[in-house]
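Student:
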């Protein structure tokens, strides 16, 4: 769902800035008086701030420093990098937040002393802890300055400054149970089990907050808010507090963090009665005990049905329902906090599309449904996956002696560590007598970029120290990731591919009870799971009688889900950040999480059980600031641009790759636009586009140096300035019949090398000729390369609706289709394309939206270009052909004038309205607008962003629609301009791509000499049965009964093209027939008779529509017979044979049908009326 809130761009963790300065051992460092040095530095720091001496303040920071703030001055979670930006932020914020009372005295909030800390032979810091106060609202805050020696060893400078709010002075966190009154009756407090709906003390009372979800995060938030005296209530659909841990997970689920790390605020895990590593049942007991002992306002068994925001009243109307009785009530609240599984959701497991499910008769469960081995007794079980859940479930199955065998199927390298190896790294902040709040502050004190680099070194050392263990695991079949990045695993992979063996599952592996297999599951057969070897692309079967899918969770379109279910009103849902995507922005912070969600009174209130204390404190402080009327403005991100430019609408491809809804098209780098391309200069010109939020680029293998420009950016600018891009490219292979995997792999490797990337986000494939089934093989190769990790997603370019559908029905996973679409070219919506793409969740990337530049203010009211556009650039020449095909220049001017009228109403450009019109088509993911990579890139970015700054109303649409009534539909379906007349391209006739002229000349010469010509396709049955695919005698061609047989290279995986769709099979059959006719010098326009044989009568409409469309494109209607027949092969649904007479379609007389007669001729591939 496209949201109205400016979406902070998520970036790869590897691109985050980091700076670990070199600090070799100092002379006499063991004698450094840390307390004295810290006090002197804090005095200088405090004086500079209080006196507003920002020059002196700046000298206290190293040039590449970081400031990581948690709601002190910025009132946000921010990580600001470089001295200039840190100083600018403190200077701006100090005017309103007025930081003061800096002191190193302890008061219980930060229990640590100043210390000289050496972390390695080349890195050490002087750590200076302190506390301070801020105003508006009055807040207690803490900080930690990590100092390094200044230039030439003189003085100290900050390399990392970390600050965090502790509490509001007006609303401090007190000990629970609370003694002050609230709107929840005392008799309903402290009830961890279902007790019905709440009884509020006063009718119509507006609560301070409603918390949705009553597990770790929900209860932590309730503790913090209740402790501060807020009027709060918690609702959870489970019948018991924390019940999700015992009802929605496998029975043996066990945390991999020790009890002291996962404790709730104010309620440590009791030493008695609980293990150090809590199980799901233990967690439910623990959370229930917290609710009871802290007397929390908790209502189990109550589901939140809907939330509607009143902008006028600044109040939520929250409708809740008693799950057991169905009784409902309405609660009013100022704030809503979500703690209900918005990153991982059991309703959205990632279940791979595995073919042949009906062939496998054993149990198949995702881990969200798996509870225990009961259904797998006596069976050989395959667990698909190799992360935490996969190993836990495999261990649970292996522990049951009645389960015959367990095989864990690993698709990609996994970080495999024993808990004893990793525990010192995971728990180092929590060792000794460090208070939990201090440990939490230190745990969050470093920027993610620095944590990435330090973590890689630490975990790399741990892996190296256990090399013998890794080799032993590899000897058993594992592929071990020896160079892991923990931060990447957490934020980009959402914890996948990382297993810490706390439960002892490896004992089962070394004991042979759990076996390891490699490959990616792609389907089922009766004997088990079909697996593809990622290196060779070959398939094999892993025998199994039962399967558990430990394949993680889907990335949800959370705003859309909330809107569609009515959980939030549409206006609210349209503002929300999709936190389900997780990931980090350019500062290393998670967009939408804990702080600004897109709605000022709604919070995604934290994630991860070990971080719930910190996140709940931050969320509570924001709610408390709101209810006291002191919620300050957050420090803006890149605020100058935020003031000047509309917010970029963003979306995702296949739910995982985020792109702006305007992509920068690089076709103009292919030539024909009066440009001499300097790769470095072009890469530099990309920067303003990226900085504006337009960070997606579309290109192809033949767009001149486009891929090289992206590569130059990735290797230079992106690395230096943290400006990553999403690059989409295309493979448009030569029509030479080469269908080898090596050629496809070479094309992908070439693109990767040019672009300086390890994975292509979207590889789009162009099909020149549907009658050549090479495209089916090449797309299968791309799928294999996708399995190997070289491609994230596969898309299409200029493929018509029938063949998009054919590919989908044949089992190809298609993410997008790139086609022409504009207010003039409406084939997307007037044909079947939009419907097909919507039904199959294929996103459309629309190009030609501005008709190469004609849909701009420049062309309003101008005469048609002279000489057929001979003096125009390639883009304008191409789209002048579109205008002519759509009715001509006068009709175009009427449409352009209407668009200009609408633009005038909104004060925007013609181009902005033209883009908005296409963007509003539901199936369109993004429009592709040509980018001139020159010194004007910034201006072009601003012009394009205007499309996001307004919306079209019904009057606007009616104005444009009225002008469009004069348009003629452009012939054919999307993409047909590349395959049949009229060829609407810059170069005109493209028939050389789809006709084998040399062979045609040979056929015509043979016919002229009286020869019979047979076309043999190479089918294995032709020599056995003694027949040819087609035979030509004179001008007559007869094509044998044809079915949708796939290329032999795709068997046995693909038995029939088009799958179970008779329509798609018919499309494939007609492609084969057209190819046969072409080989014998004919074409579809020459067909005089068809015979269609169907397996089942119910398919007659779909097959007839496919048949009708194929011949409509050639302007004829042959004689036809359609019957049902007992076809050979259960998968075959349709068979067609044809007869053709070469040349018969060039002059046609039509009688009947309500007209006396109509005659036309086909001359130079154009239909014309006779004179």
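In UniProt numbering, the protein residues as written are 1 to 1171. Just so you know, even glycine gets a beta-carbon here, dropped at the ideal spot from N, CA and C.
(1) Nearest by alpha-carbon distance to residue 1071: which of 526, 84 and 772 is it?
(2) Can you tell me whether DSSP reads residue 1023 as helix, strand or coil?
(3) On the three-pair Cβ rule with 8 Å, is the segment 244–251 touching the segment 192–212?
(4) So, at 7 Å on beta carbons, what are the nonlocal neighbours of residue 150 in its own chain, with the 5 sequence-adjacent residues on each side left out?
(5) Mind checking whether residue 782 and residue 744 have CB atoms under 8 Å apart?
(6) Does any residue of chain B bring its CB to less than 8 Å from the CB of residue 1091?
(7) Within its chain, find whatever has a CB closer than 8 Å to the CB of residue 610; leave out the 5 residues flanking it on each side and keep chain order.
(8) Give me, in chain order, the residues of the same chain whose beta-carbon lies closer than 6 Å to that of residue 498; leave out the 5 immediate sequence neighbours on both sides.
(9) What span of residues does the alpha helix (DSSP H) with residue 485 cover, start to end?
(10) Mapping DSSP to helix, strand and coil, what is residue 418?
(11) From this set, 75, 74, 142 and 871, which residue's C-alpha is nearest residue 105's C-alpha?
(12) Output the distance between the C-alpha atoms of residue 622 and residue 1056, rounded to the nearest integer angstrom.
(13) Reducing DSSP to helix, strand and coil, say where residue 1050 ends up.
(14) With distances taken from CA atoms, which of 459, 427, 428 and 495 is nearest residue 385?
(15) Taking the Cβ atom as the reference point for each residue, do residue 836 and residue 805 lie within a distance shorter than 8 Å?
(16) Kindly list the residues whose CB is nearer than 8 Å to the CB of residue 1100, restricted to its own chain and excluding five residues on each side of it in sequence; keep chain order.
(17) Can you tell me whether residue 31 is buried or exposed? The criterion is at least 16 other CB atoms within 10 Å of its CB, across all chains shown.
(18) Grab me the residues of residue 82's own chain with a C-beta within less than 8 Å of its C-beta, minus the 5 sequence neighbours each way, in chain order.
(19) Could you tell me whether the segment 758–766 touches the segment 648–665, where touching means 3 or more Cβ pairs closer than 8 Å?
(20) Name the two residues that bound the continuous alpha helix (DSSP H) containing residue 410.
(21) Report the three-state DSSP secondary structure of residue 964 (helix, strand or coil).
(22) Going by other Cβ atoms of all chains shown within 10 Å of its Cβ, with 16 needed for buried, is residue 270 buried or exposed?
(23) Can you give me the C-alpha to C-alpha distance between residue 474 and residue 480, rounded to a whole angstrom?
(24) Could you tell me whether the segment 849–864 touches the segment 892–909, where touching means 3 or more Cβ pairs closer than 8 Å?
(25) Terminal residues of the continuous beta strand (DSSP E) containing residue 1032?
(26) With a CB to CB cut of under 6 Å and the five nearest residues on each side skipped, what residues in its chain are close to residue 777?
(27) How would you call residue 786, buried or exposed, if buried means at least 16 neighbouring beta carbons within 10 angstroms?
(28) On the DSSP bridge list, what partners appear for residue 78?
(29) Could you pull out every residue in the same chain whose Cβ sits closer than 6 Å to the Cβ of residue 130, ignoring the five residues on either side in sequence?
(30) Does DSSP put residue 221 in a helix, in a strand, or in coil?
(31) Hey, out of 303, 307, 564 and 929, whose CA is closest to residue 196's CA?
(32) Just reading off the alpha helix (DSSP H) that residue 245 is part of, what are its end residues?
(33) Tell me the start and end of each unbroken beta strand (DSSP E) in the segment 903–930 that is at least 3 residues and wholly inside, in chain order.
(34) Per DSSP, residue 568 is paired with what?
(35) Can you give me the start and stop residues for the alpha helix (DSSP H) that residue 1140 sits inside?
(36) Count the other CB atoms, across all protein chains shown, that sit within 10 Å of the CB of residue 883; report buried if there are 16 or more and exposed otherwise.
Tutor: Taking the definition as stated:
(1) 772
(2) helix
(3) no
(4) 156 and 157
(5) yes
(6) This model lacks chain B altogether, as it is built from one protein chain only.
(7) 257, 261 and 262
(8) 415 and 489
(9) From DSSP, residue 485 is part of no alpha helix (DSSP H); its letter is neither H nor E.
(10) strand
(11) 142
(12) 59 Å
(13) helix
(14) 495
(15) yes
(16) 1094 and 1122
(17) exposed
(18) 63, 64 and 65
(19) yes
(20) Counting along the chain, residue 410 falls outside any alpha helix (DSSP H), though it belongs to the beta strand (DSSP E) covering 405–410.
(21) helix
(22) exposed
(23) 7 Å
(24) yes
(25) 1030–1033
(26) 739, 1047 and 1049
(27) buried
(28) 69
(29) 42, 102, 104 and 143
(30) helix
(31) 303
(32) 244–247
(33) 924–930
(34) 307
(35) Not the alpha helix (DSSP H): residue 1140 falls in the beta strand (DSSP E), residues 1134–1141.
(36) buried
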